[in-house]
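Engineer:
Now the structure itself:
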């Protein structure tokens, strides 16, 4: 999520009032490919909004735009804090690899600012094309099975799985129960949203990367995820009919002997019913 300009100004004023430091971690700054004007950073806003500077410490990354394996970035902020960071680094891990630093320095020196800016624009255009492919596949396979906002920066989709077919139960799902089991068994790799939450609470959200996968793999992965979600909904229906479905603990209901979902299946196409012996069979 991106804070609005008004929100950023409010945060900066609060930082001055209560004397705290704003840590602005912005590794995807150079991977913006949206059409709307970019909201100014806290670091650039601070001298415009506050009578003095020194309360924003900003972090940027070269790893996203030069090479993921370089693992190098840079910090901008008050000299006393940067000096303290440098001393701490020297006593903890010495420094970033000398070879990595030399490569980055030579590149930047050769390009200059305009050359670096041109390079980042090419990189962001590459990811915009990747985003468009993923977006098209999401619409094809997950419309009705997930909710999302099309990203305008970075290399990830953050989307909410509609794990239950009943609208009253829609917000009670846990993406981890699907992503680490049914989806994983179908060869789908993604991260359940709870791993990004500080409290580790359940959430229906998922993060998926579109940085490396070819178009065919994206479509195949999302078609498999759709099949996994159909199976989850079928199991829900099965358990509801048995009167044992608990959306907060879906595992208490035994799984039917077989679920016949395919990547292009829909719940209606499956034509499921419940027989007297408790089996779900096609009509």
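Numbering (full-length UniProt numbering), first residue to last: 1 to 283.
C-beta: ideal position from N, C-alpha, C; glycine also.
Mind checking whether residue 70 and residue 104 have CB atoms under 8 Å apart?
Structural biologist: One-based indexing of the chain shown puts residue 70 at position 70. One-based indexing of the chain shown puts residue 104 at position 104. It is a contact, given that the beta carbons lie within the stated cut-off.
Engineer: Does the stretch 217-229 come within contact of the stretch 129-147, defined as at least 3 CB pairs closer than 8 Å?
Structural biologist: Touching, per the Cβ criterion.
Engineer: Who are the near neighbours of residue 49 in its chain, counting only those whose CB is closer than 8 Å to its CB and skipping five residues on each side?
Structural biologist: For the purposes of this step, residue 49 is taken as the residue at position 49 of the chain shown. Closer than 8 Å at the Cβ level, and outside the excluded window around residue 49, lie 9, 12, 13.
Engineer: Between the C-alpha atoms of residue 197 and residue 109, what's the straight-line distance to the nearest angstrom?
Structural biologist: What you label residue 197 is simply residue 197 of the chain shown in a count that begins at 1. What you label residue 109 is simply residue 109 of the chain shown in a count that begins at 1. Using only the alpha carbons, I get a separation of about 39 Å.
Engineer: Could you give the residue range of the alpha helix (DSSP H) that holds residue 128?
Structural biologist: Position 128 of the chain shown, counted from the start, is the residue given in the question as residue 128. First-last of the alpha helix (DSSP H) with residue 128: 98-142.
Engineer: Less than 8 Å between the beta carbons of residue 193 and residue 205, yes or no?
Structural biologist: The residue labelled residue 193 in the question sits at position 193 within the chain shown. The residue labelled residue 205 in the question sits at position 205 within the chain shown. Cβ distance < 8 Å, so residue 193 and residue 205 count as in contact.
Engineer: Tell me the rounded alpha-carbon separation between residue 156 and residue 239.
Structural biologist: Here residue 156 is taken as the residue at index 156 of the chain shown, counted from 1. Here residue 239 is taken as the residue at index 239 of the chain shown, counted from 1. Whole-angstrom Cα-Cα distance: 34 Å.
Engineer: When DSSP labels each residue in this structure, what does residue 13 get in the three-state scheme?
Structural biologist: Taking the chain shown and counting its residues from 1, the one referred to as residue 13 is at position 13. Helix, per DSSP.
Engineer: Checking the sheet assignment: what are the DSSP bridge partners for residue 285?
Structural biologist: As displayed, the chain neither begins before 1 nor continues past 283, which places residue 285 out of reach and without an answer.
Engineer: Tell me whether the stretch 27-46 and the stretch 119-138 touch, counting them as touching only if at least three CB pairs, one residue from each stretch, are closer than 8 Å.
Structural biologist: A contact exists between the stretch 27-46 and the stretch 119-138.
Engineer: By DSSP, does residue 8 sit in helix, in strand, or in coil?
Structural biologist: For the purposes of this step, residue 8 is identified with residue 8 of the chain shown, where counting begins at 1. Three-state result, residue 8: helix.
Engineer: Do residue 39 and residue 47 have their beta-carbon atoms positioned less than 8 Å apart in this structure?
Structural biologist: Residue numbering aside, residue 47 sits at position 47 when the chain shown is read from its first letter. Residue numbering aside, residue 39 sits at position 39 when the chain shown is read from its first letter. Taking 8 Å as the Cβ cut-off, residue 47 and residue 39 do not qualify as a contacting pair.
Engineer: Rounded C-beta distance between residue 55 and residue 75? I'm assuming under 8 Å.
Structural biologist: The sequence position of residue 55 within the chain shown is 55, counting from 1. The sequence position of residue 75 within the chain shown is 75, counting from 1. With 8 Å as the limit, residue 55 and residue 75 do not qualify as a contact, their Cβ atoms being about 14 Å apart.
Engineer: From this set, 232, 66, 21, which residue's C-alpha is nearest residue 116's C-alpha?
Structural biologist: Against the chain shown, residue 116 aligns to sequence position 116. With distances taken between Cα atoms, residue 116 lies closest to 66.
Engineer: Determine contact between the stretch 207-217 and the stretch 226-236, defined as no fewer than three beta-carbon pairs at a distance below 8 Å.
Structural biologist: The stretch 207-217 is not in contact with the stretch 226-236.
Engineer: DSSP three-state label for residue 54, please.
Structural biologist: Translated into the one-based positions of the chain shown, residue 54 becomes position 54. Three-state DSSP puts residue 54 in coil, outside helix and strand.
Engineer: Measuring only the C-alpha atoms, how far is residue 83 from residue 209?
Structural biologist: One-based indexing of the chain shown puts residue 83 at position 83. One-based indexing of the chain shown puts residue 209 at position 209. Rounded to whole angstroms, residue 83 to residue 209 spans 35 Å at the Cα level.
Engineer: Using the beta-carbon count (16 or more within 10 Å), is residue 203 buried or exposed?
Structural biologist: Position 203 of the chain shown, counted from the first residue, corresponds to residue 203. Result: buried.
Engineer: Do you know whose CA, among 51, 151, 68, 128, lies nearest residue 17's CA?
Structural biologist: Sequence index remark: in the chain shown, residue 17 carries index 17 (1-based). Nearest option by C-alpha distance: 51.
Engineer: Which residues does DSSP list as the beta-bridge partners of residue 22?
Structural biologist: Within the chain shown, numbered from 1, the residue matching residue 22 stands at position 22. Answer by DSSP bridge pairing, in chain order: 56.
Engineer: Taking just the CA atoms, how far does residue 173 sit from residue 226?
Structural biologist: Counting from one through the chain shown, the residue named residue 226 turns up at place 226. Counting from one through the chain shown, the residue named residue 173 turns up at place 173. Roughly 16 Å separates the two Cα atoms.
Engineer: Does the Cβ-Cβ distance between residue 61 and residue 73 come in under 8 Å?
Structural biologist: Working through the chain shown from its first residue, we reach residue 61 at position 61. Working through the chain shown from its first residue, we reach residue 73 at position 73. Contact flag set, yes.
Engineer: How far does the beta strand (DSSP E) with residue 44 in it extend, from its first residue to its last?
Structural biologist: By one-based count along the chain shown, residue 44 stands at place 44. Per DSSP, residue 44 belongs to no beta strand (DSSP E); it is in the alpha helix (DSSP H), 42-49.
Engineer: Alpha carbon to alpha carbon, how far is residue 149 from residue 158?
Structural biologist: Residue numbering aside, residue 149 sits at position 149 when the chain shown is read from its first letter. Residue numbering aside, residue 158 sits at position 158 when the chain shown is read from its first letter. When rounded, the distance between both Cα atoms is 8 Å.
Engineer: Check whether the Cβ atoms of residue 87 and residue 211 sit closer than 8 Å, and answer yes or no.
Structural biologist: Locating residue 87 in the chain shown gives position 87, counting from the first residue. Locating residue 211 in the chain shown gives position 211, counting from the first residue. No, Cβ-Cβ distance for residue 87 and residue 211 is not below 8 Å.
Engineer: By the three-class DSSP mapping on this structure, what secondary structure does residue 75 have?
Structural biologist: For the purposes of this step, residue 75 is identified with residue 75 of the chain shown, where counting begins at 1. Looking at residue 75 - three-state DSSP - the assignment turns out to be strand.
Engineer: Taking the straight line between their C-alpha atoms, what separation do you get for residue 179 and residue 78?
Structural biologist: Taking the first residue of the chain shown as position 1, residue 179 is located at position 179. Taking the first residue of the chain shown as position 1, residue 78 is located at position 78. Whole-angstrom Cα-Cα distance: 43 Å.
Engineer: Between the Cα of residue 26 and those of 100, 36, 85, 41, spot the shortest distance and give me the residue it belongs to.
Structural biologist: For the purposes of this step, residue 26 is taken as the residue at position 26 of the chain shown. Nearest of 100, 36, 85, 41 to residue 26, Cα basis: 41.
Engineer: Is residue 137 near residue 161, with beta carbons less than 8 Å apart?
Structural biologist: Taking the chain shown and counting its residues from 1, one reaches residue 137 at position 137. Taking the chain shown and counting its residues from 1, one reaches residue 161 at position 161. No, the pair does not count as a contact, with Cβ atoms beyond the cut-off.
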